[in-house]
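First comes the structure, then the notes that go with it.
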Amino acid sequence: MSNLLPKPQAFALRGAPLPSLQRLSLALCVLLLLLACIPAAIAHEFKVGDIEIEHPWSRATPPGAKVAGGYFTVINKGSAPDRLLSISSDISDKAELHEMGVKDGVMTMRPVEGGLEIPAGGKVALKPGAYHLMFTGLKRQPKQGEKFPATLTFEKAGSVKVEFVVEGMGETGSDDMDMDHAE
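Sequential numbering from 449 applies to the sequence shown in the working numbering.
Below, the structure is given as structure tokens:
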């Protein structure tokens, strides 16, 4: 029967591979569609006023843990400094901003009093071993792959609801995160 059909139809009926130009066109279309979906899939940013919050994340905790950390980068696109004043979340009884440092060769961690200044036109990374959030009195264990909500309150920009993505227990954050403490 295929001898009676024009050549393109014979390819379709026999299940033969598409000619190389058609395969290339199809592959290119699929690639373009995938690339168009990437920004939506990796976008994990929040904004209030001149303040942008990039990739809030936390780590999964072992059973029985009473605390979890929270990390993200704050960018101030404004011409005046702002200050992160408070954090709240339903995942814990309390959330505080903490700072880690080394004093006399000993690693210390302490709450940040008066909030954290975000310089005009600058950014501050909250990351393991530096500024970070502490969610204390956990009401449930954060599990890898889930998200939990929190509210960040800034002195000038106001409050913004964010979602923390829970990564694995040993994670250190995205590879593309800016690792400078403050710029």
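Ideal Cβ placement from N, Cα and C applies to all residues, glycine included.
Computed from a predicted structure; not experimentally measured.
Using a 10 Å radius around the Cβ and a threshold of 16 neighbouring Cβ atoms, would you call A573 buried or exposed?
Buried, by the Cβ-count rule.
Fully enclosed by the region 482 to 568, which beta strand (DSSP E) runs are 3 residues long or longer?
For the region 482 to 568, whole beta strand (DSSP E) runs of length 3 or above, ordered along the chain, are 493 to 496, 499 to 507, 515 to 524, 530 to 536, 540 to 551, 554 to 559, 564 to 566.
Can you round the beta-carbon distance between L532 and F602 to whole angstroms, since I take them to be within the 8 angstroms contact cut?
Contact between L532 and F602 is confirmed by a C-beta separation of about 6 angstroms, below the 8 angstroms threshold.
Per DSSP, what kind of secondary structure is P597 in: helix, strand or coil?
Reduced to three states, the DSSP call for P597 is strand.
From E615 to G549, what does the alpha carbon distance come to, in whole angstroms?
C-alpha separation (whole angstroms): 24 angstroms.
Three-way DSSP call (helix, strand, coil) for A573 in this model:
In this structure, A573 counts as strand in the three-state DSSP scheme.
Compare the beta carbon distance of S536 and A598 with 8 angstroms and say whether it is the shorter of the two.
Remark: C-beta atoms of S536 and A598 approach each other more closely than 8 angstroms.
Mind checking whether V496 and S607 have CB atoms under 8 angstroms apart?
Between V496 and S607, the C-beta gap is smaller than 8 angstroms, which places the two residues in contact.
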